[in-house]
Amino acid sequence: MTNVLSLILGKRGLGGVLIMAALILVVLPTLMDIDQLNLAGRFLAFAFVAVGLVLSWGYGGVLSLGQGIFFGIGGYAMAMFLKLEASDPESTSIQTTPGIPDFMDWNQITSLPWFWEPFYSLTFTIIAILVLPALFAWIIGTAMFKRRVSGVYFAIITQAIVVILTILIIGQQGLTGGVNGITDLRTLKGWDIRTDEALFILYYVNAFLLIGAVLLGMWILSTKYGRILIAMRDREDRVRFSGYDVANFKVFVFCVAALLSGIGGAMFTLQVGFMSPSIIGIVPSIEFVIFAAVGGRLSLLGAVYGALIVSYLRTTVAEAYPQLWLFVIGGVFIAVVMFAPYGLAGLYNKYVKKHIDGVLSRFAKPKTAPTKASTESTEASQ
Amino acid sequence: MSTNTDYLLVIEDLTVSFDGFKAVSDLNFYVDHKELRVVIGPNGAGKTTLLDLICGKTKATSGSIKFKGQELTKLPEHRIVWAGVGRKFQTPSIYDALTVWENLEVSYPQGKHVLGALFFKRTAEVKRKIEEVAESIFLTDLLDTEAGLLSHGQKQWLEIGMLLIQDPELLMLDEPVAGMSVREREQTAELLNRIAKGRSVIVIEHDMKFVEAIAHKVTVLHQGKILAEGDMKTVQNDPRVIEVYLGH
Chain D
0 MTNVLSLILG KRGLGGVLIM AALILVVLPT LMDIDQLNLA GRFLAFAFVA VGLVLSWGYG
60 GVLSLGQGIF FGIGGYAMAM FLKLEASDPE STSIQTTPGI PDFMDWNQIT SLPWFWEPFY
120 SLTFTIIAIL VLPALFAWII GTAMFKRRVS GVYFAIITQA IVVILTILII GQQGLTGGVN
180 GITDLRTLKG WDIRTDEALF ILYYVNAFLL IGAVLLGMWI LSTKYGRILI AMRDREDRVR
240 FSGYDVANFK VFVFCVAALL SGIGGAMFTL QVGFMSPSII GIVPSIEFVI FAAVGGRLSL
300 LGAVYGALIV SYLRTTVAEA YPQLWLFVIG GVFIAVVMFA PYGLAGLYNK YVKKHIDGVL
360 SRFAKPKTAP TKASTESTEA SQ
Chain X
0 MSTNTDYLLV IEDLTVSFDG FKAVSDLNFY VDHKELRVVI GPNGAGKTTL LDLICGKTKA
60 TSGSIKFKGQ ELTKLPEHRI VWAGVGRKFQ TPSIYDALTV WENLEVSYPQ GKHVLGALFF
120 KRTAEVKRKI EEVAESIFLT DLLDTEAGLL SHGQKQWLEI GMLLIQDPEL LMLDEPVAGM
180 SVREREQTAE LLNRIAKGRS VIVIEHDMKF VEAIAHKVTV LHQGKILAEG DMKTVQNDPR
240 VIEVYLGH
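Chains as they are written, first to last, in numbering that gives the first Met the number 0: chain D, 0 to 381; chain X, 0 to 247.
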């Protein structure tokens, strides 16, 4: 397992980031028209959640089946800001109460609820996107981990919370937009987010943030914290006797995963133009885990590829046979667990890497002396 | 209440019961500064439970455990470690997925909070300390080896090393030579005699030859109570001890 780790942390790990950056910054935008690119951008917004899950689940052993909670908080916070901007008195003049979001008017609400008020401010909204998911994760994490609830029980509780959240959103239609969600989002500070140009720019913002998220993850794993994370996953009890408060270490990684999910949610809303409970519910929350599992739960880069591949599979299958999708995704998950526990990254390390290394070393040979190559490989394994 | 403040570890009236079964019952147990104490006794005597109670793995039903005057029974495990108590488990408990170096690094007594761990630096001091400990546990050549690949005896040494680097004032070892070869036993006995110099050590052991090689003072536990206590010779000649333990 440390081999996988050293691969990520070693110099080749950065090479992997460069390849991924080239793919999402150059290759995809060159090959795709704007609609296809926008679709890829949505999938890359999901990738934030998968990257977070690699950290919390793959390395920390904290499996959350409720990452939709945090994706949703980020996404809804962004949507609330955009909705308020779209609901200025002029464009809502035909409503009974102009100046409030349309769905509130339809639900006979006559004034803006108090918790919507702060979302007039973009600064507040951005802070909320960055802070609220982590804060919520801190509350859940502290409540669970201080009581030493972990493993399957923790996973089930997170899933229960995501169910509660969606029921709450659907039930409070007047306050949240209900099952339809918050739709018809138009502008960000007067900038129309629906134009091709805006979608192109948003794609790039999303891509750069995602690369930042992967680098953040790599940095965390390269520190002593990263090694404690692995230690904790494998021998939680022993870590206590190495003098660590295990709960705090779990809460932190859970908060980081939540933070990343929240950013993903906000980027999703911006690129899609709406946010609804169907995107954060139980099925999407499990799909997030499958992204990470397919990509490889020990690979931050794998998570990005996993999110892309599974999402494309979903689009393809769901278009042709909508009823079949749940069976396909279930089958994929079982297949990964049984035949490739470390996902695509694991398969890559096992079967492909040695060939690529062989080719690379053939290229490298004329340039560097063999002794240098051997010292480099020992450095990478440290 | 305790008057025995001169001792490093003062255990008084300690009782723990699991569904009515008293694994340790009204135990009084004192360990002096820089003492090497061996605890022996038949299976089920409460030896491991005693260590579990001291290090916080098991919570006492009643009684008190004072370490340097500080009550341990109410502290969480990691605080007990910070107070200066280190524990080696019966089966080697190391981090298999990490290298020997990383195992020692994780055990290093700094960077114990989340932020401290994130910004922990491998300073020259850290490296020196890790190399020093690695040498004393005979693992210098294996620093970059994944700990899961070590032999059983080496794993036991690594765990002792992980405790050494914490530099505890009280070191507790649960059957440190179990499963070791004769040669490894000798090396471990020598190692223990060396590391016991600056600190107090409690060792649980079945191997009487090993006990003779290291013990200053022996405590015999039986059914959660102290049966006998004293130097090796006194204990070995105690008829009660011979009956319940040494006799067979």
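Glycine is no exception: its CB is placed at the ideal position from the N, C-alpha and C atoms.
Does the beta carbon of residue i sit closer than 7 Å to a beta carbon anywhere in chain D?
i, result
"valine 80 (chain X)", "yes"
"serine 135 (chain X)", "no"
"lysine 111 (chain X)", "yes"
"phenylalanine 20 (chain X)", "no"
"alanine 214 (chain X)", "no"
"leucine 71 (chain X)", "no"
"glutamate 124 (chain X)", "no"
"leucine 103 (chain X)", "no"
"serine 61 (chain X)", "no"
"alanine 96 (chain X)", "yes"
"alanine 116 (chain X)", "yes"
"histidine 151 (chain X)", "no"
"serine 1 (chain X)", "Any reading at serine 1 (chain X) is ruled out, since the residue's pLDDT is 46, under 50, leaving its predicted position unreliable."
"serine 180 (chain X)", "no"
Between the Cα of residue i and those of the options, spot the shortest distance and give me the residue it belongs to.
i, options, result
"glycine 150 (chain D)", "D:Tyr203, D:Gly59, D:Tyr75", "D:Gly59"
"glycine 74 (chain D)", "D:Ser110, D:Val16, D:Val162, D:Ala257", "D:Ala257"
"valine 15 (chain X)", "X:Leu8, X:Tyr29, X:Thr72", "X:Thr72"
"serine 63 (chain X)", "X:Lys56, X:Ile241, X:Asp25, X:Val84", "X:Asp25"
"valine 245 (chain D)", "D:Arg146, D:Val331, D:Met103", "D:Arg146"
"glutamine 107 (chain D)", "D:Tyr119, D:Gln94, D:Phe114, D:Ala317", "D:Gln94"
"valine 288 (chain D)", "D:Leu54, D:Asp104, D:Ala20", "D:Leu54"
"valine 16 (chain D)", "D:Asn179, D:Ile181, D:Phe207, D:Leu167", "D:Phe207"
"isoleucine 210 (chain D)", "D:Ala39, D:Val26, D:Leu43", "D:Leu43"
"lysine 128 (chain X)", "X:Glu76, X:Lys67, X:Gln165, X:Phe66", "X:Gln165"
"glutamate 104 (chain X)", "X:Val125, X:Pro175, X:Glu134", "X:Val125"
Using a Cβ cut-off of 7 Å (strictly closer), state whether residue i contacts chain X.
i, result
"alanine 230 (chain D)", "yes"
"isoleucine 139 (chain D)", "no"
"arginine 239 (chain D)", "yes"
"isoleucine 99 (chain D)", "no"
"isoleucine 227 (chain D)", "yes"
"threonine 222 (chain D)", "yes"
"tyrosine 243 (chain D)", "yes"
"phenylalanine 290 (chain D)", "no"
"aspartate 233 (chain D)", "yes"
How long is the line joining the alpha carbons of residue i and residue j, rounded to whole angstroms?
i, j, result
"serine 298 (chain D)", "tryptophan 56 (chain D)", "11 Å"
"glycine 173 (chain D)", "valine 48 (chain D)", "29 Å"
"leucine 121 (chain D)", "glutamate 70 (chain X)", "52 Å"
"lysine 371 (chain D)", "serine 360 (chain D)", "At lysine 371 (chain D), the pLDDT of 39 sits below 50, so the modelled position is not reliable; the number obtained from the coordinates is stated separately. Distance between the alpha carbons of lysine 371 (chain D) and serine 360 (chain D): 12 Å."
"glutamate 158 (chain X)", "phenylalanine 28 (chain X)", "25 Å"
"leucine 64 (chain D)", "lysine 87 (chain X)", "35 Å"
"isoleucine 328 (chain D)", "glycine 225 (chain D)", "31 Å"
"methionine 0 (chain X)", "tyrosine 94 (chain X)", "A caution first: methionine 0 (chain X) carries a pLDDT of 46, below 50, which makes its placement in the model unreliable, though a value can still be read off. One C-alpha to the other measures close to 41 Å."
"isoleucine 281 (chain D)", "glycine 12 (chain D)", "33 Å"
"phenylalanine 209 (chain X)", "alanine 227 (chain X)", "19 Å"
"valine 80 (chain X)", "methionine 161 (chain X)", "12 Å"
"isoleucine 262 (chain D)", "alanine 292 (chain D)", "21 Å"
"alanine 78 (chain D)", "glycine 176 (chain D)", "11 Å"
"alanine 195 (chain X)", "valine 113 (chain X)", "32 Å"
If you reduce the DSSP assignment to three classes, tell me which class residue i lands in.
i, result
"asparagine 42 (chain X)", "coil"
"arginine 361 (chain D)", "helix"
"lysine 353 (chain D)", "helix"
"lysine 216 (chain X)", "strand"
"histidine 151 (chain X)", "helix"
"methionine 171 (chain X)", "strand"
"glutamate 318 (chain D)", "helix"
"methionine 179 (chain X)", "coil"
"isoleucine 7 (chain D)", "At isoleucine 7 (chain D) the pLDDT is 49, less than 50, meaning the model places this residue with poor confidence; the figure from the coordinates comes in the next sentence. Note: isoleucine 7 (chain D) maps to helix in three-state DSSP."
"leucine 77 (chain X)", "One detail in the question is off: residue 77 (chain X) reads as histidine in this sequence, not leucine. Helix at histidine 77 (chain X)."
"lysine 371 (chain D)", "For lysine 371 (chain D), the pLDDT reaches just 39, beneath the cut-off of 50, and the residue's location in the model is therefore unreliable, leaving the point undetermined."
"methionine 143 (chain D)", "helix"
"methionine 274 (chain D)", "strand"
"asparagine 27 (chain X)", "strand"
"isoleucine 99 (chain D)", "coil"
"alanine 21 (chain D)", "helix"
"threonine 98 (chain X)", "strand"
- Item | Segment contact, 8 Å Cβ cut-off, at least three pairs: the region 195 to 204 of chain D with the region 25 to 33 of chain D | Contact holds: three or more Cβ-Cβ distances are below 8 Å.
- Query: Can you find at least 3 beta carbon pairs, one from the region 196 to 213 of chain X and one from the region 37 to 50 of chain X, that sit closer than 8 Å?
  - Reply: Segments in contact, yes.
- Query: Any contact of the region 48 to 60 of chain X with the region 74 to 87 of chain X, i.e. 3+ C-beta pairs under 8 Å?
  - Reply: Enough Cβ pairs lie closer than 8 Å, so yes.
- Item | Contact between the region 221 to 238 of chain D and the region 155 to 166 of chain D (3+ Cβ pairs under 8 Å) | Taking 8 Å as the limit for Cβ pairs, the verdict is that the region 155 to 166 of chain D does not touch the region 221 to 238 of chain D.
- Taking contact to mean at least 3 C-beta pairs separated by less than 8 Å, is the region 142 to 149 of chain X in contact with the region 91 to 105 of chain X? In short, these stretches touch, since the Cβ pair count reaches three.
- With contact counted as at least three CB pairs below 8 Å, one residue from each stretch, are the region 114 to 129 of chain X and the region 145 to 155 of chain X in contact? With a cut-off of 8 Å, the region 145 to 155 of chain X and the region 114 to 129 of chain X do not count as touching, because too few Cβ pairs lie within range.
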